[in-house]
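*Asks:*
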Amino acid sequence: MTDSVVSLKDVCLAFNGGAVLEGVSLQVRRGDFLAILGPNGAGKTTLLKVILGLYKPQAGEVRLFGVDGAHFRERYRIGYVPQKAGAFGDFPATVWEVVSAGRIARAGLWRRLGASDKEEINRALGMLGITEIAHRPVRALSGGQRQRVAIARALAAGPELLLLDEAAEGLDAAGEEVFYGLLERLNREQGVSIVLVTHDIGAVSRRVKRVICLNRRVVFAGGPEECLENGKLSLLYGTPVYVPARAGRRVQKKSGRRR
Amino acid sequence: MDIWGYGFFIRAVAAGVLCGFACPLVGVFLVARRYSFFADALAHIALAGVALGIILNLSPHVITLLVVVGAAFAVEWLRQRRRFHADALLATVMAAGLSLGVILVSKSRGFGADLTGFLFGSLLTISPIDLQMIALLVLVAAGTVFLFYKHLFVIALDEEYARAAGLKVTLVNTAFILVAALTVAVALRAVGVLLTGALVVVPVLIAVRVNRSFRGTVATAVAAGITLVLGGLHVAYVADLPPGPAIVLLGVAVLAVIIIIEEFYKSLRRA
Chain A
807 MTDSVVSLKD VCLAFNGGAV LEGVSLQVRR GDFLAILGPN GAGKTTLLKV ILGLYKPQAG
867 EVRLFGVDGA HFRERYRIGY VPQKAGAFGD FPATVWEVVS AGRIARAGLW RRLGASDKEE
927 INRALGMLGI TEIAHRPVRA LSGGQRQRVA IARALAAGPE LLLLDEAAEG LDAAGEEVFY
987 GLLERLNREQ GVSIVLVTHD IGAVSRRVKR VICLNRRVVF AGGPEECLEN GKLSLLYGTP
1047 VYVPARAGRR VQKKSGRRR
Chain B
2 MDIWGYGFFI RAVAAGVLCG FACPLVGVFL VARRYSFFAD ALAHIALAGV ALGIILNLSP
62 HVITLLVVVG AAFAVEWLRQ RRRFHADALL ATVMAAGLSL GVILVSKSRG FGADLTGFLF
122 GSLLTISPID LQMIALLVLV AAGTVFLFYK HLFVIALDEE YARAAGLKVT LVNTAFILVA
182 ALTVAVALRA VGVLLTGALV VVPVLIAVRV NRSFRGTVAT AVAAGITLVL GGLHVAYVAD
242 LPPGPAIVLL GVAVLAVIII IEEFYKSLRR A
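Line by line, the protein sequences are chains A and B.
To convert, count from 1 in the first sequence and add 806; that's my numbering.
To convert, count from 1 in the second sequence and add 1; that's my numbering.
Written out as C-alpha cells, the structure reads:
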C-alpha cells in the first residue's frame, strides 16, 4: 500500500489565459496535517479542486493514493468541506438528510443505505456535536451550525483524506476549538490525512505539522515554525504581516495595523 | 347523466392526476436547484414544436416531444459548458421559444381554435391513445426519479460537492433532463404552454412552506399536485371554467392562504 495520498508534480492551470497554478508540486503522505496559506487569488481553492478532480490541469501530473487522478474512482476516500459550505440554501432538508449525502456518495448509484451507513452518519453527527439537532431543518440553523453540518457530511463517508477550504469560517471561538480538536483527533487517532486551506495563523502555528505557502506557485514548504519566522509571510502576502502573539488571530495583511 | 358517466371526463381526471403527480415530482428538484424556469422555458419552446408539426403535416405531439427533449439538452449544455447564469439563460430561451412559436404559428394554417388548447391545455379533449401515451411517459419519468432519487437529492443540495464526492453527476443530470422534458411534454396536454411552469412549481412552493425535510417536501408536493388537479377540475366543472387555468389559480390561492397564515402567526409571535 502506497504511503502517498496526494502527489502533484509540476501542475499548471490557467483560466482565460491567466495562470492560476504554475508548476505546483507537492506531496501529502498518510497521516499528514498540512496547511496551505496564501493571499486571495493565490490558487489555494483551485489547488484543492485539482486534487478533487473538479479542474483538469493543463500540464503536470496528479496522483491520488498512487493512482493517476484521471482514473481515480474511489472519490469517497477524499472528504471535502468547501468554502461557504454552510450555504445550503433555504430548501427544506434536515441535518440528517444533508449529512447522509456524504454516505450516499460512498454507497454509489445502486446500493441502498444500510444499517452500517446509518451508524456512520450518526457517528459523524456525534463527532460534531450535532446529534440533538439531527432532525431540525438546516435552513433554521445558524451559520456556525451549518458549517458543522458540512463537516459532518464530509466525515460521514469515512474519508482517508480530508480537504477543508476555510472550513472554520463562521465558527465561534468554542466552535473553532471543537473543530481543530476534532481534526487533531482524526489525524492522530484515525490517521486521516488533512489538508487545510486557512488564513488562521494561530491554528497553523499550533495545530499543523507542515505548511505550504502558495502564490500561484509553491513559495515555501516546511514546518510551521520556519514558515512563521524571518518575514516569510510578509514575502508571501507582499505586505508586512504580523504574526499574532495570541493564538487564534487572523493574518493581518495591511501594514502598520495590528489586531 | 352524471359527469362520471362520460369517458372524456374520466380520461381528463386520469390524465390530470398523472400530470399532478409527475410535475411536482420533477419540480422539487428544479426548484431546489434554483432552476424553476426550466419547465416554463421548455413549454414555451413547445409552441414552436406544435407549429412545426402542423406545417410539416406530422403529429404535433410527437414533434413537440422531440423539440422539447432537444431543447432541454441544448439548454443544459449551454448552462454547463458555456457557464451562463441559469435565470438569464432561461429567460432568453423562453422569449426565443415563444417568438419562434408565434412566427411559425403565423405561417401555418390549420391552427385556428386549437391554439387556445395548446396555450392553456385541453384536458377534456384527451383521447384514449393520448392517455396511454401520457401514462407511459409518466411511468418513465417517475421510474427514473425513484431510481436516481438519492443522487438527485445530493446534486440538488450542492452539485459541486456531488462531483467532488464522485457521484455520476453527468449521468444523473442527463437522465433528469430527459425526465423533465418528458414531464413538460405531458403537462402541455393538461395545462398548456403558458401554465405548465405553474403546475411544476406551485405545488412545490406549497410543500416548501409546510415541510422541514426534503423527503417530506417531495411527498407533500406530489400530494398537493394531485389534489390541485382534482380540485381544479371540480371547480372548472362547477363554475364552467377552462380546467388548466382553474387548476393553476386554485394552487396560487392555496399558496396565498398559506403565506397569509404564516404571516399572521409571525405577527402573533412578534406581538
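Every residue gets a Cβ at the ideal spot worked out from N, C-alpha and C, and that includes glycine.
Around the C-beta of L172 (chain B), are 16 or more other C-beta atoms found within 10 angstroms, so that it is buried, or is it exposed?
*Replies:* Counting Cβ neighbours within 10 Å, L172 (chain B) comes out exposed, since fewer than 16 surround it.
*Asks:* Quick check on the DSSP output: what are the complete alpha helix (DSSP H) runs of length 4 or more inside the region 117 to 197 of chain B, in order along the chain?
*Replies:* Counting whole runs of 4 or more residues, the region 117 to 197 of chain B contains the alpha helix (DSSP H) stretches 129 to 148, 150 to 158 and 160 to 165.
*Asks:* So the candidates are B:A166, B:A237 and B:G245; which of them puts its Cα closest to the Cα of G198 (chain B)?
*Replies:* That would be B:G245, whose Cα lies nearest to the Cα of G198 (chain B).
*Asks:* Whole angstroms are fine: how far does the CA of V27 (chain B) sit from the CA of V146 (chain B)?
*Replies:* Their backbone Cα atoms lie some 8 Å apart in a straight line.
*Asks:* Assuming V873 (chain A) contacts V1001 (chain A) under a Cβ cut-off of 8 Å, what Cβ separation, rounded to an integer in Å, is found between them?
*Replies:* Incorrect: roughly 18 Å between the Cβ atoms, too far for contact.
*Asks:* Measuring only between beta-carbons, confirm whether R164 (chain B) sits less than 8 Å from chain A.
*Replies:* Yes, contact with chain A.
*Asks:* Hey, is A1053 (chain A)'s beta-carbon within less than 8 Å of any beta-carbon in chain B?
*Replies:* Note that A1053 (chain A) scores a pLDDT of 46, beneath 50, so its modelled location is shaky and nothing firm can be said.
*Asks:* My parser needs the alpha helix (DSSP H) runs of 4 or more residues fully inside the region 849 to 882 of chain A; what are they?
*Replies:* List check, alpha helix (DSSP H) in window: 850 to 858.
*Asks:* Can you pull the chain A residues whose beta carbon is under 9 Å from the beta carbon of K267 (chain B), in chain order?
*Replies:* Under the 9 Å cutoff, chain A gives no residues; its nearest Cβ is about 14 Å from K267 (chain B).
*Asks:* For H877 (chain A), count neighbouring C-beta atoms within 10 Å of its own C-beta (all shown protein chains included) and say buried if the count is 16 or more, exposed if not.
*Replies:* H877 (chain A) comes out exposed.
*Asks:* Determine the contact status of G167 (chain B) and R881 (chain A), defining contact as a CB-CB distance below 8 Å.
*Replies:* In contact: G167 (chain B) and R881 (chain A) (Cβ atoms closer than 8 Å).
*Asks:* My output table needs one value for G232 (chain B): the three-state DSSP class, helix, strand or coil.
*Replies:* It is helical.
*Asks:* Over the uninterrupted alpha helix (DSSP H) stretch that includes Q996 (chain A), give me the two end residues.
*Replies:* From DSSP, Q996 (chain A) is part of no alpha helix (DSSP H); its letter is neither H nor E.
*Asks:* Could one say the Cβ of G167 (chain B) lies closer than 8 Å to chain A's Cβ atoms, at least one of them?
*Replies:* At least one chain A Cβ lies under 8 Å of G167 (chain B).
*Asks:* Is it true that the region 38 to 50 of chain B meets the region 236 to 252 of chain B, where meeting means three or more beta-carbon pairs spaced less than 8 Å apart?
*Replies:* No, the region 38 to 50 of chain B does not touch the region 236 to 252 of chain B.
*Asks:* In chain B, what lies closer than 7 Å to V904 (chain A) by C-beta?
*Replies:* Residues of chain B passing the Cβ test: L158.
*Asks:* Give a yes or no on whether 8 Å exceeds the smallest Cβ distance from A87 (chain B) to chain A.
*Replies:* No - not a single Cβ of chain A is within 8 Å of the one on A87 (chain B).
*Asks:* Determine whether the Cβ of L915 (chain A) lies closer than 8 Å to any Cβ atom of chain B.
*Replies:* L915 (chain A) counts as touching chain B.
*Asks:* Name the DSSP bridge partner or partners of C1019 (chain A)?
*Replies:* Its beta-bridge partners are A:L843 and A:F1026.
*Asks:* At which residues does the alpha helix (DSSP H) containing G935 (chain A) begin and terminate?
*Replies:* That residue, G935 (chain A), is in no alpha helix (DSSP H); it is neither H nor E in DSSP.
*Asks:* Using a Cβ-Cβ cut-off of less than 8 Å, give me the residues of the region 19 to 40 of chain B that come near chain A, in sequence order.
*Replies:* The region 19 to 40 of chain B vs chain A, Cβ under 8 Å: V32, A33 and R35.
*Asks:* On the criterion of 16 or more Cβ atoms from any shown chain inside 10 Å, does L854 (chain A) qualify as buried, or is it exposed?
*Replies:* Buried, since its Cβ has 16 or more Cβ neighbours within 10 Å.
*Asks:* Looking at chain A, which residues of the region 217 to 241 of chain B have a Cβ within less than 8 Å of any of its Cβ atoms?
*Replies:* Within the region 217 to 241 of chain B, the residues whose Cβ lies closer than 8 Å to some Cβ of chain A are G217 and T218, listed in chain order.
*Asks:* Mind checking H152 (chain B): buried by the 16 CB within 10 Å criterion, or exposed?
*Replies:* When all chains shown are included, H152 (chain B) counts as buried.
*Asks:* Within the 8 Å Cβ cut-off, does Y1043 (chain A) reach chain B?
*Replies:* Closer than 8 Å: no.
*Asks:* With DSSP run on the structure shown, which of helix, strand or coil describes V1003 (chain A)?
*Replies:* Strand, per DSSP.
*Asks:* Go ahead and pull the three-state DSSP assignment for R210 (chain B).
*Replies:* Residue state, collapsed to three classes: helix.
*Asks:* Pull up the DSSP beta-bridge partners for S37 (chain B), would you.
*Replies:* Paired residues: none, contrary to the question.
*Asks:* Is the beta carbon of L256 (chain B) closer than 8 Å to that of V203 (chain B)?
*Replies:* In contact: V203 (chain B) and L256 (chain B) (Cβ atoms closer than 8 Å).
*Asks:* In the DSSP assignment, what residue or residues form a beta bridge with C818 (chain A)?
*Replies:* BP columns for C818 (chain A) point to A:A865.
*Asks:* Return helix, strand or coil for D88 (chain B), following the three-state DSSP convention.
*Replies:* Here D88 (chain B) sits in helix by DSSP.
*Asks:* Within 8 Å (strictly less), CB to CB, does K108 (chain B) reach chain A?
*Replies:* False, the Cβ-Cβ gap to chain A never drops below 8 Å.
*Asks:* Taking A13 (chain B) and L234 (chain B) to be in contact with their CB atoms under 8 Å, please state how far apart those CB atoms are, rounded to whole angstroms.
*Replies:* About 7 Å separates the two Cβ atoms, so the contact holds.
*Asks:* Can you determine whether any heavy atom of the ligand NAD sits closer than 7 Å to the C-beta of T852 (chain A), and answer yes or no?
*Replies:* This structure lacks the ligand NAD; in fact it carries no ligand of any kind.
*Asks:* Once the 5 residues before and after A75 (chain B) are set aside, which same chain residues still bring their CB inside 8 Å of it?
*Replies:* Excluding residues within five positions, none has a Cβ falling inside 8 Å.
*Asks:* Comparing C-alpha positions only, which one of B:A23, B:A33 and B:R80 sits nearest to F154 (chain B)?
*Replies:* For the residues B:A23, B:A33 and B:R80, the minimum Cα distance to F154 (chain B) belongs to B:A33.
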